[in-house]
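Report on the following structure.
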């Protein structure tokens, strides 16, 4: 059997075989191995809880695949929120006819990413839908983390705080577009998709002056900044000259008429921190390969939620949330 | 705007509007209202964790809809496992073009079910896929519960224990088939889809002699019994004459050539209990309207995982797991 059948989803024999042959083998979690309808896990009394469904198209792309993305996405949500990610659940919606080899690759990638991040897969589920009612594979991951002493609090953000981004902007979005369009930019644009808990958790533990972190996924850096500014009721001033970009991503975006500030990132975070520790935080992030282009990109001003971009030409323009569809199924 | 657009899923303005106009309004949870990427929840140190994706077709059926089902399903998984359900995450995959009114109905039903069960919706996510890459709506719910002192332990099951089912068998499966086939059985067959934590949690707290509970969803009572028997390494003897059925469900199944023991249930549980408390447990369950047909249906024998059905005619046949597709997308 080399393709997913509807019967793989009926809860009977084939479902059991799929779980044993692929999920248990690739995830190898003791807890998942019990195959119960729930898992018994231990965690702190105050827990963080985050969920995300992943429908990215294509499912394999330069720098990752839907499995790695689904794992990294929820780990990063938990981390920026201010928790140490502990457990993930993973739930698959498979389309009838999906090659089982592709499923195995995705599951393996998800399992490897979880192991490398020190996060256990504790619960799972699989459903199968008819051909034409899905698109190969959709994955939901839901995560539980242990809340840290420091965590994201928008009300701590004050005028004068510094705004940091942990690296080049727009890589994931650009990788997906180029792969999807079959465009060869004669480039090596890769998704930045990766778990960042090994950087973010130590940041929370090392610096008391971090006010808030967020991962700028769907909607990109611009939408995320606008969301934070509104929540904090402060204005943000961003300096275009300080924004770190891979030049290839910038040209690809230009060719396609897209603004890289609205392209999704899947291995980056934004941090709003006390001005006094900003350089130290940037140095800390730069020690990691995933953070080598970290930079202060702007500052917090009194205000009511406007995000202003000071352009290279010296003008100022407002950044708003993404409106209308830029790129469906980017994550 | 009366239909879901791709842009509802891009993380920008329309996504925000959808969250505010529909999800926050219908779910009304303080926690979800913060709209962060994660939620900060409090729970016991030992928690139960369960995930399930729901792809049922049709999304509205006699006795419920995909929203109620998605809520009840995970609440019941947490409950039979031996925990008090506390929090749910809810993640939607919407198909472009889905009528927003249908979405609102589903979300309302999910929210009402959660409120009536005393469970908070703490985290959410929405993705939109192109027309023809989904089927109106798929929902993942993932739940966190507080582990109880007593909980499901297959190794406690001993020869002589009694096997109880909490009510009529096969109602959900029969309701879906009849609705799907457009068949009017001149009947009032309804899905049993409902949360049962108000029965199951007090059962765990009242009786020390409950060894294990399970909800017989996909694959039905037969598959679930086989799974329990294998896990406990015991044989089960089930008496056909003791099985509670709605006669309409039985005839509908006969007409369609389906065995109701393999039809899904979404508001029932199986309990394996010490023989000495079996009648007391049945009486307890019968006090609730959802449990009025509860019955002892069989007993545990020494063995290695066989499930035998003693038929009305006096013969014995083996019950195995569901093999091949009986009914795709039943939940």
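Chains as they are written, first to last, in this note's numbering: chain A, 71 to 401; chain B, 71 to 401. We treat Cβ as the ideally placed atom computed from N, Cα and C, and that holds for glycine. Since the structure is predicted, the reported quantities are computational estimates derived from the model, not experimental observations.
Min CB distance residue i to chain A below 9 Å
i             : result
residue 356/B : no
residue 221/B : yes
residue 113/B : yes
residue 79/B  : yes
residue 134/B : no
residue 376/B : no
residue 390/B : yes
residue 131/B : no
residue 123/B : yes
residue 236/B : no
residue 116/B : yes
residue 157/B : yes
residue 183/B : no
residue 76/B  : yes
residue 373/B : no
residue 293/B : yes
residue 303/B : no
Assigned exposure category for residue i - 16 Cβ within 10 Å defines buried
i             : result
residue 258/A : exposed
residue 353/B : exposed
residue 76/A  : buried
residue 90/B  : exposed
residue 155/B : buried
residue 407/A : An answer regarding residue 407/A cannot be provided, because it is not within the stretch 71 to 401 covered by chain A.
residue 71/B  : exposed
residue 388/A : exposed
residue 381/B : exposed
residue 252/A : exposed
residue 203/B : buried
residue 225/B : exposed
residue 304/A : buried
residue 327/A : exposed
residue 337/B : buried
residue 374/B : exposed
residue 297/B : buried
For residue i, the three-state DSSP class (helix, strand or coil)
i             : result
residue 182/A : helix
residue 129/B : coil
residue 108/B : coil
residue 389/B : strand
residue 267/A : helix
residue 321/B : helix
residue 369/A : strand
residue 306/B : strand
residue 414/A : The first residue shown for chain A is 71 and the last is 401, placing residue 414/A beyond what the model contains.
residue 351/B : helix
residue 261/B : coil
residue 331/B : helix
residue 251/B : helix
Closest residue to residue i among the options (Cα-Cα distance)
i             : options                    : result
residue 230/A : 368/A, 384/A, 188/A        : 368/A
residue 185/B : 162/B, 198/B, 132/B, 141/B : 141/B
residue 345/A : 188/A, 200/A, 278/A, 223/A : 278/A
residue 170/A : 85/A, 189/A, 286/A, 300/A  : 85/A
residue 199/A : 361/A, 348/A, 73/A         : 73/A
residue 179/A : 204/A, 209/A, 313/A        : 209/A
residue 133/B : 212/B, 234/B, 265/B, 121/B : 265/B
residue 280/B : 291/B, 386/B, 191/B, 218/B : 218/B
residue 120/B : 289/A, 214/A, 272/A, 397/A : 214/A
residue 112/B : 190/B, 124/B, 128/B        : 190/B
residue 384/B : 374/B, 146/B, 307/B        : 307/B
residue 342/A : 295/A, 136/A, 315/A, 174/A : 295/A
residue 249/A : 81/A, 88/A, 397/A, 78/A    : 397/A
residue 283/A : 276/A, 270/A, 160/A        : 270/A
Any C-beta of chain D under 9 Å from that of residue i
i            : result
residue 86/A : In summary, chain D is missing from the structure at hand, where the protein chains are A and B.
Interface flag, residue i vs chain B, CB-CB below 9 Å
i             : result
residue 217/A : yes
residue 110/A : yes
residue 198/A : yes
residue 399/A : yes
residue 287/A : yes
Near the ligand PLP: residue i beta-carbon under 8 Å from a heavy atom
i             : result
residue 294/A : You won't find the ligand PLP in this model; it holds no ligand whatsoever.
Counting only Cβ-Cβ distances shorter than 7 Å, please list the residues of the region 160 to 173 of chain A near chain B, keeping chain order.
161, 163
Contact set between the region 202 to 216 of chain A and chain B, restricted to residues whose Cβ is under 7 Å from the partner:
202, 203, 204, 205, 208, 210, 212, 214
Going along the region 315 to 334 of chain A in order, which residues come within less than 9 Å of chain B, judged by CB to CB distance?
332, 334
Residues, ordered as in the chain, of the region 261 to 274 of chain B that lie near chain A by beta-carbon distance below 7 Å
none
Got a sec: which bits of the region 138 to 150 of chain B sit with their beta carbon under 8 Å from any beta carbon on chain A, in order along the chain?
147, 148, 150
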